[in-house]
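Here's the structure, in structure tokens; my notes come after.
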Amino acid sequence: MTTAAPKHKPKMAELSLGQRLAPWMPVLLVPVLVALGAIAIPQTSSWLTLTVSGLAMGMMIFIMASGLTLVFGLMDVINFGHGAFVSIGAFVGVSVLLVLGQMSGAPSLGLNLIALLLAVIGAMAATGAVGWAFEKVIVMPVYGHHLKQILVTMGGLIVVEQLIVVLWGPEEIYITRPESLKGAITFAGAALEKYRLVAVVVGLIVFAAMRFVLRRTKIGLIVRAGVQNGEMVEALGYRLRRVFVGVFIAGSALAGLGGVMWGLYQEVITAHMGNDAMILIFIVVIIGGLGSVEGCFIGALLVGLLQNYVAYIEPKAALISNIALMVLILMWRPMGMIPVVKAK
Numbered sequence: 008m009t010t011a012a013p014k015h016k017p018k019m020a021e022l023s024l025g026q027r028l029a030p031w032m033p034v035l036l037v038p039v040l041v042a043l044g045a046i047a048i049p050q051t052s053s054w055l056t057l058t059v060s061g062l063a064m065g066m067m068i069f070i071m072a073s074g075l076t077l078v079f080g081l082m083d084v085i086n087f088g089h090g091a092f093v094s095i096g097a098f099v100g101v102s103v104l105l106v107l108g109q110m111s112g113a114p115s116l117g118l119n120l121i122a123l124l125l126a127v128i129g130a131m132a133a134t135g136a137v138g139w140a141f142e143k144v145i146v147m148p149v150y151g152h153h154l155k156q157i158l159v160t161m162g163g164l165i166v167v168e169q170l171i172v173v174l175w176g177p178e179e180i181y182i183t184r185p186e187s188l189k190g191a192i193t194f195a196g197a198a199l200e201k202y203r204l205v206a207v208v209v210g211l212i213v214f215a216a217m218r219f220v221l222r223r224t225k226i227g228l229i230v231r232a233g234v235q236n237g238e239m240v241e242a243l244g245y246r247l248r249r250v251f252v253g254v255f256i257a258g259s260a261l262a263g264l265g266g267v268m269w270g271l272y273q274e275v276i277t278a279h280m281g282n283d284a285m286i287l288i289f290i291v292v293i294i295g296g297l298g299s300v301e302g303c304f305i306g307a308l309l310v311g312l313l314q315n316y317v318a319y320i321e322p323k324a325a326l327i328s329n330i331a332l333m334v335l336i337l338m339w340r341p342m343g344m345i346p347v348v349k350a351k
């Protein structure tokens, strides 16, 4: 007895090439942008220098924005005070480097990296502690009220900025990088700054670590499940409130790390530097997709590369390039490139 052949085709056969590539399109945007940059900038050395600079800038923006996107996605908190943690991290990290001046100024890569590591640890510890207090005092009373969150977190940002002025003074502080991270190396005729190469490596390490924690550990599973359906996670017996606090502290610590890297990148720190960086941070969070570390990573690379390419080709257009990128991305995918939660 023969059976009739199925009337439907396998699902993969029904998908067009465009549909198969659709999930990979956000990832492909980065190499496409790099290729367009190579076409627009025919000098290979200039293109390579700008590409490394764009990647370094993107990595530092990712470090600052990654904590915010998790807080946004998991806790539904619009935290305009996130920039305060960036500023605190920069000032604490630089203060540690000044104390360890002999180590950071020594012509030894090992001593310089130890000094930088201690500065990063100090900055992350300080911003993690401030983040815990910030969540306890300012954020917790306004859960579920977006307008109040915007108002109170913006107020918290202003208060923290004024505290920084009280502790460190109102003047800009110019800093120098550790001795071994000054200068540049030459590759294929291009001058590649040592610090920017280090920033690329640090950004990749942070991204790999976050992805490992979120994808391979139990706490990561709880966080991802909490982003998707917090009520179900609580029904299973997990205390999501503790997870909320832990994620907020981790996000604040990452902002502190980003603040140290960003301050050394610009070689000057101010009390309002975190607030200034919030424009780029929010652009990255929005185009990446709420709660998506991968989307945040891709968005940060796009922002960094585009900023550097456009600034070289047409400096005046660089002021609006990232806004234009956000508009185009949202017209293509209104919820961001890789959203993991629905807009609330």
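Residue numbers for the sequence shown follow the working numbering, beginning at 8 and rising by one. The C-beta atom is built at its ideal place from N, Cα and C for all residues, glycine as well.
For Glu238, which three-state DSSP category applies?
helix
For my contact list, Gly138 and Phe92 are in at a C-beta cut-off of 8 Å; report their separation, rounded to the angstrom.
6 Å
If you compare alpha carbons, which of Ser102, Ile180, Val347 and Ile70 is closest to Ser299?
Val347
Please list the terminal residues of the continuous beta strand (DSSP E) segment that includes Ile356.
The first residue shown for the chain is 8 and the last is 351, placing residue 356 beyond what the model contains.
Just to confirm my understanding: we take Leu199, look at its own chain, exclude 5 residues before and 5 after, and list those with CB closer than 8 Å. What are they?
Leu55, Thr56, Val59, Ala191, Ile192 and Thr193
With 16 other CB atoms within 10 Å as the buried threshold, where does Glu178 fall?
exposed
Assign Ile180 to one of three DSSP states: helix, strand, or coil.
strand
Our contact map puts Val230 next to Val250 with C-beta atoms below 8 Å; I'd like the distance itself, whole angstroms only.
6 Å
Rounded to the nearest angstrom, what separates Ile165 and Ser328 at their Cα positions?
28 Å
If I measure Cβ to Cβ from Val207 and keep anything under 8 Å in the same chain, skipping five residues before and after, which residues do I get?
Val59, Leu62, Ala63 and Met66
Could you tell me whether the Cβ atoms of Leu107 and Leu125 are closer together than 8 Å?
yes
Presumed contact (8 Å Cβ cut-off) between Gly258 and Ala130, rounded CB distance
With 8 Å as the limit, Gly258 and Ala130 do not qualify as a contact, their Cβ atoms being about 14 Å apart.
For Arg218, which option in Gly74, Gly96, Gly44 and Asn282 has the closest C-alpha, if you only look at C-alpha atoms?
Gly74
Taking a contact to mean a Cβ-Cβ separation below 8 Å, would you say Val127 touches Val267 in this structure?
yes
Within 10 Å of its beta-carbon, does Ile70 have 16 or more other beta-carbons around it, so buried, or fewer, so exposed?
buried
Restricting to Cα atoms, I'd like to know which of Ile256, Met110 and Gly302 is closest to Ala132.
Ile256
Could you tell me the alpha carbon to alpha carbon distance between Val310 and Ala216, rounded to whole angstroms?
22 Å
CB-CB under 6 Å to Met8, same chain, minus the five flanking residues each way: which ones, in chain order?
In this prediction, Met8 scores a pLDDT of 48, lower than 50, which makes its location untrustworthy; the coordinate-derived value is nonetheless stated afterwards. Closer than 6 Å at the Cβ level, and outside the excluded window around Met8, lies no residue.
Does the beta-carbon of Val334 have 16 or more other beta-carbons within 10 angstroms, so that it is buried, or is it exposed?
exposed
Do the region 113 to 121 and the region 289 to 297 meet, that is, are 3 or more Cβ pairs less than 8 Å apart?
no
Based on the DSSP output, what are the partners of Ala197 in its beta bridges?
Phe194
Helix, strand or coil: which one does DSSP assign to Ile85?
coil
At the level of alpha carbons, what is the spacing between Met239 and Lys225?
16 Å
Pro174, buried or exposed, once every other Cβ within 10 Å from all chains shown has been counted against 16:
Here residue 174 is Leu; the residue named in the question, Pro, does not match the sequence. Exposed is the call here.
Grab the span of the alpha helix (DSSP H) containing Glu301 for me, first residue to last.
Val300 to Ile320
When Asn315, Gly295 and Tyr316 are compared against Ala336, the one with the closest alpha-carbon
First, the residue type needs correcting, since residue 336 is Ile and not Ala in the sequence shown. Looking at the Cα atoms, Gly295 is the closest of the given residues.
For Ile345, which of helix, strand or coil comes out of DSSP?
coil
Nearest to Val6 (by Cα), restricted to the options Val34, Arg248 and Tyr272
In the structure displayed, the chain extends from 8 to 351; residue 6 sits before or after that span and is not available.
Pick from Gly210, Val254, Lys155 and Val213 that is closest to Leu228, judged by C-alpha positions:
Val254
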